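4 protein chains.
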Amino acid sequence: MSHDVRNRLSALRRAFHRHPEPAWCEFRTTARIVAELERIGVDELIVGRDALASEHRMAVPPSETIHEWRDRAADAGVPTAVLDATADGHTGVVATVHAGDGPSVALRADMDAVSIPESTEPGHRPADEGFRSETDGYMHACGHDAHPAVALGVLEAVVASDFSGTFTVLFQPAEEVAGGGKPLAEGGSVDDVDYLLAFHLGLGYPTGTVVAGATEPLAMAHITATFEGASAHAGKDPSGGTNAMQAMTTAVQNAYGIARHGDGMTRVNFGRVEGGSASNVIAEEVTLDGEVRGGTTALMEYTRAELERVLYAAAELHDCDVVIRRISESISVDSDPTLAGLVADVARDVPAIDTVVPAAPLGASEDATFLMDRVHANGGRSSYLVIGTDHSTSHHTPTFDVDECSLDVAVEVLTDVVSSIGERRP
Amino acid sequence: MSHDVRNRLSALRRAFHRHPEPAWCEFRTTARIVAELERIGVDELIVGRDALASEHRMAVPPSETIHEWRDRAADAGVPTAVLDATADGHTGVVATVHAGDGPSVALRADMDAVSIPESTEPGHRPADEGFRSETDGYMHACGHDAHPAVALGVLEAVVASDFSGTFTVLFQPAEEVAGGGKPLAEGGSVDDVDYLLAFHLGLGYPTGTVVAGATEPLAMAHITATFEGASAHAGKDPSGGTNAMQAMTTAVQNAYGIARHGDGMTRVNFGRVEGGSASNVIAEEVTLDGEVRGGTTALMEYTRAELERVLYAAAELHDCDVVIRRISESISVDSDPTLAGLVADVARDVPAIDTVVPAAPLGASEDATFLMDRVHANGGRSSYLVIGTDHSTSHHTPTFDVDECSLDVAVEVLTDVVSSIGERRP
Amino acid sequence: MSHDVRNRLSALRRAFHRHPEPAWCEFRTTARIVAELERIGVDELIVGRDALASEHRMAVPPSETIHEWRDRAADAGVPTAVLDATADGHTGVVATVHAGDGPSVALRADMDAVSIPESTEPGHRPADEGFRSETDGYMHACGHDAHPAVALGVLEAVVASDFSGTFTVLFQPAEEVAGGGKPLAEGGSVDDVDYLLAFHLGLGYPTGTVVAGATEPLAMAHITATFEGASAHAGKDPSGGTNAMQAMTTAVQNAYGIARHGDGMTRVNFGRVEGGSASNVIAEEVTLDGEVRGGTTALMEYTRAELERVLYAAAELHDCDVVIRRISESISVDSDPTLAGLVADVARDVPAIDTVVPAAPLGASEDATFLMDRVHANGGRSSYLVIGTDHSTSHHTPTFDVDECSLDVAVEVLTDVVSSIGERRP
Amino acid sequence: MSHDVRNRLSALRRAFHRHPEPAWCEFRTTARIVAELERIGVDELIVGRDALASEHRMAVPPSETIHEWRDRAADAGVPTAVLDATADGHTGVVATVHAGDGPSVALRADMDAVSIPESTEPGHRPADEGFRSETDGYMHACGHDAHPAVALGVLEAVVASDFSGTFTVLFQPAEEVAGGGKPLAEGGSVDDVDYLLAFHLGLGYPTGTVVAGATEPLAMAHITATFEGASAHAGKDPSGGTNAMQAMTTAVQNAYGIARHGDGMTRVNFGRVEGGSASNVIAEEVTLDGEVRGGTTALMEYTRAELERVLYAAAELHDCDVVIRRISESISVDSDPTLAGLVADVARDVPAIDTVVPAAPLGASEDATFLMDRVHANGGRSSYLVIGTDHSTSHHTPTFDVDECSLDVAVEVLTDVVSSIGERRP
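Chains as they are written, first to last, in the working numbering: chain B, 5 to 430; chain P, 5 to 430; chain H, 5 to 430; chain Z, 5 to 430.
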């Protein structure tokens, strides 16, 4: 790979890194992707709302938040056409090139950031080299700055190759909140796709390693529960209200005690709580923020059903009400073994790759699974690749950074796989 | 009072002491009372079932238990007439004398024992002097042996006096379990009574002290709750059952957390638990035995209603069922201040009394309150007296014993009050 | 009482009402009181820090809050002398007049507001008549605007009378948070006082009623508890952290279950909770805000000791730490019956008083009790008066307002009591 | 295999079936095994105490229980020599034959019954054919009647073969309670063993199937916890005791909430609870019976450590004590893949075997793992075989029964494996 390409990949990734945007607010990111796609030249370019089944979007932030990020993007010069196409939090892009007869192959890349303030410490390369986040409190701490850069690199390489078939790149918004995969799938983007590739950098694997087909992503459901009681003076009239604090604690105590399952792994967590007004007032309202996971979609659904019963009964126990909101969810879908086998074979031939892991549990949740599930349902195949990168610290920490050399490797592996699909048809 | 009377009282109390019988099983006790009443001579003698509204009996033990005690009584020579009248746990006696015009006065005495093994230690007078319980595991540890002796003494004295009016003595079964007061009240025994006196020896007051009118007996409700789940192997199939153990613990944790009440004292307790089969099996059934109390009947009812909601919701929370049984209850009724005033006046004139407490909280539960409530409802007056006795140890302990000198005092005070009612009509 | 006086009282109360200041931030209020005292003329005037044992102050807000209110006061023209004397939240005033031989009498009035936004609705007199709170979010919703007006009225009347003795008025800060009574007592203000009068308007009693001596104020302790665990990813590493959320819920569940006490009333409440970061992260820190109360100081202390054990053990149970902060507390002290008797006698002679309640439970907490306790300890007497006022709605609601006619009544009753103490020496 | 052998196996299994004996009480079973061994003829015969490291025995029942079963055995004619060797619950047998040079091979069979009353229903073969349990309440409901019959069959066949080496059969007591494996291992029985075979019939596999090497047996620890508080009258003195009931419920609620682990499966269960005395008494003592399991020994130990912290802190939270007893435990050891490979190869050559599963998770706990661990520590190999049998209903149910045809199959497979080890030396 030429130095030019390598430099362009790094530059692009750093551009994304400097302007992190959270789920459903990737206006500036979308605009930059569109600009690159126009430069490369594609046959179809669907931006924003037209790519998404709007009603299937999950974990959409409040309008004010969306407008705030939109205004910021507008101030930064994002073209009106993009702002219009992505209005009200409909970010994302689907780009397609038609290159003659052949299979329909798709590549999915996510693009949202997380609400972690980026480190300013010396030794943190983005800080040292001047491409640290320019938006306080937000950061690309999971590699979703590198993902669209890689995907654009693959597209450019495929266009320049003799690949015969259809190639689509899906730039998916809102992966961090498990909100964007489903509306993209429901929007029909992959309905004609024969082979879908999704990928993630890092996840503990070093530069030079590839996991050809990840398995057992954790199915996940994110919910909030608001307990509603009635306040009263705790000294004079302790029985005059109904106690949302007690209802909440009964729920949490019993939620963690939901029975483990003989079929595999389950998880329950409440990670955030807030409510009540003052020490001497029976708490009127308390809100919990939590999630369940399962080794399979069924195990997640078992745990969520148990959790919802616990929440309703805990409210009833304290004569309160509870409002449960299903914020978002993702399902568990394994990579197709045949396609994963082709990926492994291809990867072994890439000089920069020293280790190929045929299959390994993902150990995390992913909403690319909605796209994979759709492709499988239509008779296609999909594989979720992990492409190693030497990362400084754990994902989702203020000093996370990727090894930019791995961007080239990722482009090379993915391009070779796409080409190979055209030839070998696994 | 003559030595003869004093000796007769002691002898009678010791006879009751030697043969303690628990609630609804006081067959031998009933027979002895009947024999004494026949010796004294009364105008009306109602034994057992005819004195009780059978369907209002509470905390009736299983048939086998009743039959066991009945057989024991039959073996001890209890006459068939008494056994017939008291069949199936309908113990108790109501005796009435008509002595011309005048008010209708009633005296209530309870007669059941408790399931505490009596001490055999030297220094425990019943053991030392040969009148210790002859039935293992049961004991008169609350003075209900002295109560019928005193009541018989009062009756004999009233008969011998120039009292003009009607005098009834109610020998009530099943006070310890709060089971006998209500059926006696519902049976109509006190429907024509103008003045009702109930009494208890001891309760921390020494010989020579009288509380003229106790107030604020605790309303009480005794319940059991059986949680029913489904068993499963805890290792292989932890989610295969529904866990009665967890349901029980959720209930207990939250029951003790029922809101205190601004209007006064409430209590909750679960004093006994049992259930499940083995360490590696999800518990299928667990039973709790508990109670609630309140400073007023309404406070008890508030707490019971809260408790029942907690129990049902705790079962629901763990997908179990719960069967709640209301074993028994007692209400809270205060002594009538006017009658208590007369009692106090009379007591001050009794030489053996050195301290008269006009009114004091009872601090315990009593089902004589059902009789008091009925009398008040019909326009009559009632008072609950506490007649002091130097007692060795706390009520309901294996070394409890009363000062037999206090029996004479009790007879004298109560007889004087009965006489005085005839004269003064408070 | 002249129309002039009546008008002056209302005007003064309305001035305080327009500028509510919370606990330890009563800079402007202090300045206005000082100005009035200088107008009236007193022999000793102690402002702020010199009146308080600084280290005994409780529930002091953060420095930034204090500085914000101080700056606001400075902007409103509060003299530098007052700002200096009250620096760093040392508000309050003690004023004394020496009028020859005779007893030392003191009157205590509190002066802080609460953080409730005042109603703007028609029918709410302060809104209708233009003296509504001028500081958003704060309001005199408990009558502590009227209290210093009344106290100043009494002082002026006593000065004008032939009272012989020493008369001190204590303008106490921070009553709402139970923070100011103790440092004022520990500061020595009442060490030479023979008779202390404290008072409150309203509390459900109408204009024309006086409670001569309140009893059984609830002892209270306000605490916060911060559970400190360690975060971890709830999906990948559920056992990798220590869960402050679970520790908190174990604490709350068991705190409400602290055993009721045979000696009287107890209360426990957690009215506010906040903590954790996100649904998929084991919560690292959760903070509770709560209180305990008791019918006596001992009962409050019993409950607080139990609560602290529960909090520490709940943290231990989940391998977390907990930091407990004792924010403030108040004790329970009854009015002296002799002094209350004198108050009742005097009040019966005041024409505007139609009902005198000799004694009644206060049913609330009060930190004037620290001053009362100090006076009693030195052999003096104290009484806590409730002076009725027709109030629109409950204390601590956005539409609370007092009947200004009751201000004159309060001044008259209190002045007559002070005079009477000089004459009768109860 | 001859009809004679087949009949002898069935007859022997039925003899064991008629006389089920629980853990550490297998006196009659031991005697019958000894008699069979004497018939066959072995070189070394170690009975009872000499085979066991007595202090490592776990889950030993009370002396009265042991004596009761011993007396029953004596009445049935068990020889004094066996009774002496097995005194005080030291059951079990180790038999060895020396057949020239060659490897040391051992076979382990367990022999205890469970406390389940056997079905009397028609269709339950043991009932229909007259070999139902003759001891009420106990039953061979897990196949441990067939296991010693099979082991004796293998021994007889090996003796009759040209096997060259040392062959030991371990008849292990107390497997059901995870009590006998460790003392047998610590007693040195397998210290010189090169190849250890353990086996179980059934476990859901039909006749004709063999699992060559089971993996991932669940590590397990069985504990009891007794909470000790102090009783008090729940009505009069609710704070006078310390509440073992509340301590227990806090423990259970939080035990089920012990964090799941990222490394694999964990389990917690409390399957039995009992305590307290009466509804109106604060519970003085409550005992829990429970267990933890883990997919690995480390995961079990993680969970047990968490559980013990929960138990101690729950006691502390309610000012109670807790006594934790470690009743028994088993560890997790995988079959050696090499030996399992040899087993699979041999099994494929057995005509009666139609399905060979090379390796599969055991899904249950086993204390043969202590013996396997010891062999591995000394450089040897072990494999745990599951030999299918068509079983009527689940293990540990009243109608469990094995297909007696599978006994022959088991003998054949195991004998062939033993012979093969001599030849092939895996």
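Beta carbons are placed, not taken as given, at the ideal position from N, Cα and C, and that holds for glycine.
Computed from a predicted structure; not experimentally measured.
C-alpha distance - residue i paired with residue j, whole-angstrom precision
i, j, result
"I70(H)", "C29(H)", "6 angstroms"
"M115(B)", "P402(B)", "18 angstroms"
"H60(Z)", "P187(Z)", "5 angstroms"
"R264(B)", "A225(B)", "17 angstroms"
"E435(H)", "L156(H)", "No answer is possible for residue 435(H): it lies beyond the span of chain H, which begins at 5 and ends at 430."
"T228(H)", "L321(B)", "26 angstroms"
"R18(B)", "A318(Z)", "53 angstroms"
"E333(H)", "D241(B)", "20 angstroms"
"I44(B)", "V162(B)", "11 angstroms"
"L346(B)", "E408(B)", "26 angstroms"
"R12(Z)", "G275(Z)", "40 angstroms"
"G299(P)", "I335(P)", "10 angstroms"
"I37(H)", "T95(H)", "11 angstroms"
"T211(Z)", "E416(Z)", "13 angstroms"
"P341(P)", "A364(P)", "11 angstroms"
Inter-residue CB distance, residue i and residue j (contact presumed, cutoff 8 angstroms)
i, j, result
"S168(H)", "A103(H)", "6 angstroms"
"V82(B)", "E232(B)", "With a Cβ gap of about 41 angstroms, V82(B) and E232(B) do not count as contacting."
"M376(Z)", "A202(Z)", "7 angstroms"
"G245(H)", "N284(H)", "12 angstroms between Cβ atoms; not a contact."
"D79(B)", "R313(P)", "Contact flag wrong, Cβ pair sits at about 56 angstroms."
"A259(H)", "V272(H)", "5 angstroms"
Assigned exposure category for residue i - 16 Cβ within 10 Å defines buried
i, result
"A255(H)", "buried"
"S243(Z)", "buried"
"T3(H)", "Because chain H in this structure spans residues 5 to 430, residue 3(H) falls outside the shown range and cannot be described."
"S58(B)", "exposed"
"P107(P)", "buried"
"E122(H)", "buried"
"D412(Z)", "buried"
When the options are compared against residue i, the one with the closest alpha-carbon
i, options, result
"E468(Z)", "V46(Z), V181(Z), H21(Z) and A78(Z)", "In the structure as shown, chain Z begins at 5 and stops at 430. Residue 468(Z) is therefore absent and cannot be evaluated."
"L366(H)", "V214(H), V406(H), A251(H) and A319(H)", "V214(H)"
"H237(B)", "G280(B), S14(B), S424(B) and G147(B)", "G280(B)"
"T100(H)", "A91(H), D140(H), R76(H) and E160(H)", "E160(H)"
Bridge partner(s) assigned by DSSP for residue i
i, result
"G279(H)", "V277(B) and V290(H)"
"A363(Z)", "G217(Z)"
"V390(P)", "H204(P) and V215(P)"
"D412(Z)", "According to DSSP, D412(Z) bridges with nothing at all."
"Q176(P)", "D114(P)"
Heavy atom of the ligand ZN within 6 angstroms of residue i beta-carbon
i, result
"S281(Z)", "Among the ligands in the structure shown, none appear at all, so the ligand ZN cannot be discussed."
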